[in-house]
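Visitor: The sequence shown maps to residues 0 to 192 in numbering that gives the first Met the number 0.
No residue lacks a Cβ here, since even glycine has one placed at the ideal position from N, Cα and C.
Let me give you the structure first, and then I'll get to my questions.
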Amino acid sequence: MVERPASIVKELVENAIDAGARRLKIHIELGGKQQVRVEDDGEGMEPDDARLAIERHATSKIRRAGDLAAISTLGFRGEALPSIASVSHFLLRTRARGRTSGTEIRVNGGAVASVVEAGAAEGTVVEVNDGFYNLPARRKVLKSDAAESTQVSRIVTQLALANREIGFTLTSGSRTVLQCPRVGSLRDRVYRV
Numbered sequence: 000m001v002e003r004p005a006s007i008v009k010e011l012v013e014n015a016i017d018a019g020a021r022r023l024k025i026h027i028e029l030g031g032k033q034q035v036r037v038e039d040d041g042e043g044m045e046p047d048d049a050r051l052a053i054e055r056h057a058t059s060k061i062r063r064a065g066d067l068a069a070i071s072t073l074g075f076r077g078e079a080l081p082s083i084a085s086v087s088h089f090l091l092r093t094r095a096r097g098r099t100s101g102t103e104i105r106v107n108g109g110a111v112a113s114v115v116e117a118g119a120a121e122g123t124v125v126e127v128n129d130g131f132y133n134l135p136a137r138r139k140v141l142k143s144d145a146a147e148s149t150q151v152s153r154i155v156t157q158l159a160l161a162n163r164e165i166g167f168t169l170t171s172g173s174r175t176v177l178q179c180p181r182v183g184s185l186r187d188r189v190y191r192v
């Protein structure tokens, strides 16, 4: 369940890690209430997988029943995306490695607004704007911008510590909160954090 901006960030970053990202850029505005943007250089998605990713209960990671006993990922790209898209103005832009063009999907409050072929870098960008705009009760219980930013920073720091082979950058507004290039050892990552 998508409860706050930090949970959105966590789901999107875990999706990027599962997609083989080597570099992640996370940007938030107003604690993530106004905007969360996660950009990765992972494998990206084919157009059909991108469309499937925003459908409820859909995944491209399980092809046969035996795959259920051998799950080696943090989650299913497509499990969280429909939930996030249902509470925001959502943009998914992705290009699979080796393809010449990408796919851009816009969703407003769970309703697909557009699916178009688009220019895109290899990898995936997910932009979540006006989170919880259509759930005023949920939006009302969110903490201050600073408190929500702190929660996002905590989640990204934990994920960066656990994934030293991935470069992480977190910005909040115009401020760089965390910048950790890929490193070879946990000691180096702890030092960077």
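1. Short of 6 Å in beta carbon distance, which residues of its chain neighbour residue 191, apart from the five on each side in sequence? Order them along the chain.
2. Distance check for residue 147 and residue 47, CA to CA, integer angstroms please.
3. Decide yes or no for the touch test of the segment 20–39 against the segment 136–145: beta carbon pairs closer than 8 Å, at least 3 of them.
4. Going by the beta-carbon positions, is the gap between residue 16 and residue 155 smaller than 9 Å?
5. Tell me the start and end of each unbroken beta strand (DSSP E) in the segment 116–190 that is at least 3 residues and wholly inside, in chain order.
6. Please classify residue 41: is it buried, with 16 or more other beta-carbons within 10 angstroms of its beta-carbon, or exposed?
7. Grab me the residues of residue 109's own chain with a C-beta within less than 7 Å of its C-beta, minus the 5 sequence neighbours each way, in chain order.
8. Can you give me the C-alpha to C-alpha distance between residue 99 and residue 6, rounded to a whole angstrom?
9. Excluding five sequence neighbours on each side, which residues of the same chain lie with their C-beta closer than 8 Å to the C-beta of residue 112?
10. Rank 185, 116, 167 by C-alpha distance to the C-alpha of residue 177 and give the top, closest one.
11. What's the C-alpha gap between residue 122 and residue 10?
Guide: Reading from the atomic positions:
1. If we look at residue 191 and ignore the five residues flanking it on each side, its Cβ neighbours are 179.
2. Per the coordinates, the alpha-carbon of residue 47 lies some 34 Å from the alpha-carbon of residue 147.
3. Between the segment 20–39 and the segment 136–145 there are three or more C-beta pairs closer than 8 Å, enough to call the two in contact.
4. Cβ distance not < 9 Å, so residue 16 and residue 155 don't count as in contact.
5. Segments of the beta strand (DSSP E) lying fully in the segment 116–190: 122–128, 166–171, 174–179.
6. Under this definition residue 41 is a buried residue.
7. The beta carbon of residue 109 sits closer than 7 Å to those of 84, 85, all from its chain and outside the five residues before and after it, given in chain order.
8. In a straight line, the C-alpha of residue 99 is about 32 Å away from that of residue 6.
9. Within the same chain, 105, 106 come within 8 Å of residue 112 by CB-CB distance, once the 5 residues on both sides are set aside.
10. Selected option, being the one with the closest Cα: 167.
11. For residue 122 and residue 10, the distance between alpha carbons rounds to 16 Å.
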